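Encoded as structure tokens, the structure appears first; notes follow it.
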Ligand code: SAH
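Residue numbers (this note's numbering): 2 to 233.
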């Protein structure tokens, strides 16, 4: 579909993606995944994913798979973004921390559902670009910071939900410490270059963590500052 300025606005492609995710959700339910809520699907239906991918890949922006975004990183598959958002179980007065801003797409999907999103990206080029794209598109309730998300964002903690979109070997303790009582953390955990497990952690009133394995997933590794230094 083309808008008044003669630009492709991808409305019909976005609607088709939402329908596809709804169908995928029914299939995934048979394998134990929770159903995607209408609220999350509605948010997916409003975010222009084509604005978060490289220009040459725009025509593929509404396909249900990850795409490269530069620096060896990827924008996650829409179904996974929807599932993680759903598991975070957020509401409109809540504050969320995301680790791994990447393209900014997951942050934008969350931004439509919560009060504020704080998001941390370790690759400076990606973080700067995502911040500029989010600002250009009017997501004024997202704050992007460049840094190592392993340490979380202590100044803004505690958070109602934490969504981690890169996989560590183990759940980082600083992130556990920054989760509110009743807060949810959605995080892929497992070895680099292998299948990881998407986990949902919930902090109960006595401080204990309840942990549920959701589905197998494949994410880029959560790198640390020291890994980047080693590459140079
Ligand atoms: N949420 C992103 C997907 C990002 S892929 C999106 O919607 O597009 C994972 C991202 O995590 C990559 O951009 C990678 O650079 C970043 N990352 C990896 N380790 C990190 C760390 N320790 N702290 C912050 N970001 C990290």
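Note that beta-carbon positions come from the ideal geometry of N, C-alpha and C, so glycine has one too. A quick note: this is a predicted structure, and the numbers were derived from the prediction, not measured.
Taking C-alpha atoms, which residue in the options lies nearest to residue i?
i	options	result
residue 88	194, 220, 221 and 184	184
residue 80	42, 171, 176 and 133	42
residue 113	77, 125, 91 and 25	91
residue 78	19, 93, 122 and 146	19
residue 11	96, 118, 44 and 50	50
residue 48	118, 211, 67 and 106	106
residue 44	199, 195, 140 and 171	140
residue 53	35, 40, 34 and 75	75
residue 226	150, 155, 171 and 172	150
residue 171	182, 202, 40 and 157	202
Applying the 10 Å Cβ sphere with the 16-neighbour rule, what's the burial state of residue i?
i	result
residue 292	No answer is possible for residue 292: the residues shown for the chain start at 2 and end at 233.
residue 161	buried
residue 85	buried
residue 26	buried
residue 95	buried
residue 233	With a pLDDT of 46 at residue 233, under the threshold of 50, the modelled position of that residue is not reliable, and no figure is offered here.
residue 131	buried
Taking 7 Å as the threshold (C-beta atoms), are residue j and residue i in contact?
i	j	result
residue 197	residue 187	no
residue 102	residue 128	yes
residue 223	residue 168	yes
residue 121	residue 146	yes
residue 200	residue 211	no
residue 97	residue 82	no
residue 100	residue 165	yes
residue 15	residue 46	yes
Alpha carbon to alpha carbon, how far is residue i from residue j?
i	j	result
residue 135	residue 109	7 Å
residue 9	residue 21	21 Å
residue 175	residue 163	11 Å
residue 63	residue 221	21 Å
residue 148	residue 70	18 Å
residue 32	residue 38	17 Å
residue 216	residue 29	9 Å
residue 192	residue 67	20 Å
residue 144	residue 207	31 Å
residue 65	residue 17	10 Å
residue 205	residue 60	44 Å
residue 93	residue 142	12 Å
residue 218	residue 181	26 Å
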